[in-house]
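K.L.:
Sending over a structure as structure tokens; questions will come in a sec.
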Amino acid sequence: MSLLISASILCKPLPMKINTTMVSLLLMVLLIQLLKPPLLIINSWMFMDTISMVLNTLTITIFLFIMISSFDYFKISKLMSLIISFILLVFISNDIMMFYITFELALIPTFLLITLKSNQPERLQASLYLLIYTVTASLPLLLMIIITLNNTNLTYITYTNTQFTLGTLFIMAFLVKMPMFSFHIWLPKAHVEAPMEGSMILAAILLKMGGYGLIRFLPFLMKSYLMMSPWIMSISLIGAMSTSFTCMYQKDLKALIAYSSVSHMALVICSIFSMKSNSNVATLLLLIGHGLTSSAMFFLVTIMYKFHHTRNTMSFKGLINYLPNLTFWWFTFTAMNIAAPPSINFFSEILIISNTTSWNISSMIPLICAIFLTASFSYLLYSMLNHSSVSLKTNLHTLKSKQFIALYAHATPLLLLMMKIETFF
Numbered sequence: 001m002s003l004l005i006s007a008s009i010l011c012k013p014l015p016m017k018i019n020t021t022m023v024s025l026l027l028m029v030l031l032i033q034l035l036k037p038p039l040l041i042i043n044s045w046m047f048m049d050t051i052s053m054v055l056n057t058l059t060i061t062i063f064l065f066i067m068i069s070s071f072d073y074f075k076i077s078k079l080m081s082l083i084i085s086f087i088l089l090v091f092i093s094n095d096i097m098m099f100y101i102t103f104e105l106a107l108i109p110t111f112l113l114i115t116l117k118s119n120q121p122e123r124l125q126a127s128l129y130l131l132i133y134t135v136t137a138s139l140p141l142l143l144m145i146i147i148t149l150n151n152t153n154l155t156y157i158t159y160t161n162t163q164f165t166l167g168t169l170f171i172m173a174f175l176v177k178m179p180m181f182s183f184h185i186w187l188p189k190a191h192v193e194a195p196m197e198g199s200m201i202l203a204a205i206l207l208k209m210g211g212y213g214l215i216r217f218l219p220f221l222m223k224s225y226l227m228m229s230p231w232i233m234s235i236s237l238i239g240a241m242s243t244s245f246t247c248m249y250q251k252d253l254k255a256l257i258a259y260s261s262v263s264h265m266a267l268v269i270c271s272i273f274s275m276k277s278n279s280n281v282a283t284l285l286l287l288i289g290h291g292l293t294s295s296a297m298f299f300l301v302t303i304m305y306k307f308h309h310t311r312n313t314m315s316f317k318g319l320i321n322y323l324p325n326l327t328f329w330w331f332t333f334t335a336m337n338i339a340a341p342p343s344i345n346f347f348s349e350i351l352i353i354s355n356t357t358s359w360n361i362s363s364m365i366p367l368i369c370a371i372f373l374t375a376s377f378s379y380l381l382y383s384m385l386n387h388s389s390v391s392l393k394t395n396l397h398t399l400k401s402k403q404f405i406a407l408y409a410h411a412t413p414l415l416l417l418m419m420k421i422e423t424f425f
């Protein structure tokens, strides 16, 4: 917390100092509550348990990091505040209709953020992909919610002859939001065209809404999940391999990290649909680890873009020769991206591998391939950026203290949470 308070002091405009300080204090309260997470019933519309508390804490944390990291936060402050508000409501909704409304409302400011704040003409296509994929997949969810309200609760699906079809319609919105492989086309396009703040919130929080929805509806759709698990887990395992292989030849840094996110979300889907006793713990840990890691990597890409005015990996060479401090952060977050110990990512992926292989031992083959490919493209990325010969076009720059603090703040929870891992059990 001292890092975050220090960052608020370094913020030059007075409103920014006030905002970051207030958000830091709110985060402190949430972290204290997280040490002894209760089941808190706020009213008939809202509640908070361990899962909600963890994801709300992650949301507030990423919001604070965005405020610290942003190069021009006030231009997007209203849209970011709307996105964060809707996401917080999603994670504490106790009513299924309120959950759906807030789940979809978070899409509107995200769409506007990409459309209005990006400078590239391709932003319109990216925004349309985001809108079409997510809204189309959400319409069956709305239909199922209306049917559910007419039938009192969700358990009636278990007793119908079409539970596979109904269950698929119910969770399609969550699979697209994550996104699951074959529904993932919108994500790289959105990341490439979004501003830094949009990429950070999209990777760190918005994708997690899909995982949260799958976890919440699991108790009501247990039989549907069991029937769908062979299909969905097979697609996800193939997707983890395919997207990791795609990263091997990606030249755009943002697109590379976006495809890496699809690969990690495939592991989250496998964890949920394995339906083991510790699946929720493994899922939560990977959601936190991936959220912080991907957010930091998008921030690093933006710093590189500010220096070189390009995201092409062929243009970044010999970083260790003229900016060794940034090389350290690339090494740190690249290692965390491949789940190197002692980060929380390592523990979560060990649990997920254990759960997935206990579901079906043959899943070990695609898992090993995906892990190998992830390590390969991460090694290539790091070596290409840092250990090649220095480009003649390189200009010397230095990082600001605020940027260092933002990177420290991203890395610290990934390491320290391993010391309090029992909080999630």
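Mapping of the sequence shown onto the working numbering: position 187 corresponds to residue 187, and the numbering continues sequentially without gaps.
Cβ atoms here follow ideal geometry from the backbone N, Cα and C, with glycine treated the same way.
Whole angstroms is fine: what's the gap from Glu422's alpha carbon to Thr115's?
P.N.:
Glu422 and Thr115: Cα-Cα distance of roughly 42 Å.
K.L.:
Taking just the CA atoms, how far does Trp186 sit from Glu122?
P.N.:
About 12 Å.
K.L.:
Determine the DSSP secondary structure at Asn119, reduced to helix, strand or coil.
P.N.:
Three-state DSSP puts Asn119 in coil, outside helix and strand.
K.L.:
Using a Cβ-Cβ cutoff of less than 6 Å, which residues in the same chain neighbour Val377 once the five nearest sequence positions on both sides are dropped?
P.N.:
According to the sequence displayed, residue 377 carries Phe and not Val. Counting only Cβ-Cβ distances below 6 Å, and skipping sequence neighbours, we find Cys247, Met248.
K.L.:
With distances taken Cα to Cα, identify the nearest neighbour of Ala194 among Met227, Met178, Lys117.
P.N.:
If we check each option's Cα against that of Ala194, Lys117 comes out closest.
K.L.:
Could you check where the alpha helix (DSSP H) with Thr57 kicks off and where it finishes?
P.N.:
Segment 50-69, the alpha helix (DSSP H) holding Thr57.
K.L.:
Considering Cα atoms alone, identify which of Met233, Met384, Phe404, Met53 is closest to Ile361.
P.N.:
The shortest C-alpha separation from Ile361 is found at Met233.
K.L.:
In this structure, what does DSSP give as the bridge partners for Phe174?
P.N.:
Phe174 pairs with nothing; no bridge assigned.
K.L.:
Quick one: using the 10 Å Cβ neighbour count with 16 as the cut-off for buried, is Lys306 buried or exposed?
P.N.:
Classification of Lys306: exposed, given that the 10 Å Cβ count is below 16.
K.L.:
Using the three-state DSSP reduction, which class does Asn386 fall into: helix, strand or coil?
P.N.:
It is helical.
K.L.:
Among the residues of its own chain, which have a CB less than 8 Å from the CB of Leu416, if the five just before and after it don't count?
P.N.:
Correct list: empty, nothing qualifies.
K.L.:
Looking at Thr283: is its Cβ nearer than 7 Å to the Cβ of Ser263?
P.N.:
Taking 7 Å as the Cβ cut-off, Thr283 and Ser263 do not qualify as a contacting pair.
K.L.:
How about Ile167 and Ser224: are their beta carbons less than 7 Å apart?
P.N.:
Reading the sequence as shown, one finds Gly at residue 167 and not Ile. In contact: Gly167 and Ser224 (Cβ atoms closer than 7 Å).
K.L.:
When you compare only the Cα positions, how much space is there between Ala339 and Ser348?
P.N.:
So the alpha carbons of these two residues sit roughly 8 Å apart.
K.L.:
Kindly give me the distance between the Cβ atoms of Tyr129 and Ala190, rounded to whole angstroms, as I take these residues to be in contact under 8 Å.
P.N.:
Correct: roughly 7 Å between the Cβ atoms.
K.L.:
Confirm, please, whether the CB-CB distance from Thr356 to Ser229 is below 7 Å.
P.N.:
No. Outside cutoff.
K.L.:
Just the Cα atoms here: how many angstroms apart are Ala76 and Ala258?
P.N.:
According to the sequence as given, residue 76 is Ile; it is not Ala. Approximately 22 Å between the Cα atoms of the pair.
K.L.:
In chain order, what residues of the same chain have a beta carbon less than 8 Å from the beta carbon of Ser70, not counting five sequence neighbours either side?
P.N.:
Ile76, Met196, Glu197, listed in sequence order.
K.L.:
Is the beta carbon of Phe65 less than 7 Å from the beta carbon of Ala406?
P.N.:
Yes.
K.L.:
What number of angstroms, rounded off, separates the C-alpha of Phe424 from the C-alpha of Val281?
P.N.:
For Phe424 and Val281, the distance between alpha carbons rounds to 6 Å.
K.L.:
Return yes when the Cβ of Ala296 is within less than 7 Å of the Cβ of Phe328, no when it is not.
P.N.:
Going by C-beta atoms, Phe328 is not nearer than 7 Å to Ala296.
K.L.:
Are the Cβ atoms of Phe170 and Val176 separated by less than 7 Å?
P.N.:
No, Cβ-Cβ distance for Phe170 and Val176 is not below 7 Å.
K.L.:
What residue does the alpha helix (DSSP H) around Asn280 start on, and which one ends it?
P.N.:
First-last of the alpha helix (DSSP H) with Asn280: 279-308.
K.L.:
Quick one: using the 10 Å Cβ neighbour count with 16 as the cut-off for buried, is Leu124 buried or exposed?
P.N.:
With fewer than 16 other Cβ atoms within 10 Å, it is exposed.
K.L.:
Pick out the complete beta strand (DSSP E) segments inside the region 179-232, 3 residues or longer, and give them in chain order.
P.N.:
Entirely contained in the region 179-232, not one beta strand (DSSP E) run reaches 3 residues.
K.L.:
Can you tell me whether Leu381 is buried or exposed, with buried defined as 16 or more other CB within 10 angstroms of its CB?
P.N.:
Buried: at least 16 other Cβ atoms inside 10 Å.
K.L.:
Would you decide whether Met144 is buried or exposed? Buried here means 16 or more other CB atoms lie within 10 Å of its CB.
P.N.:
Result: buried.
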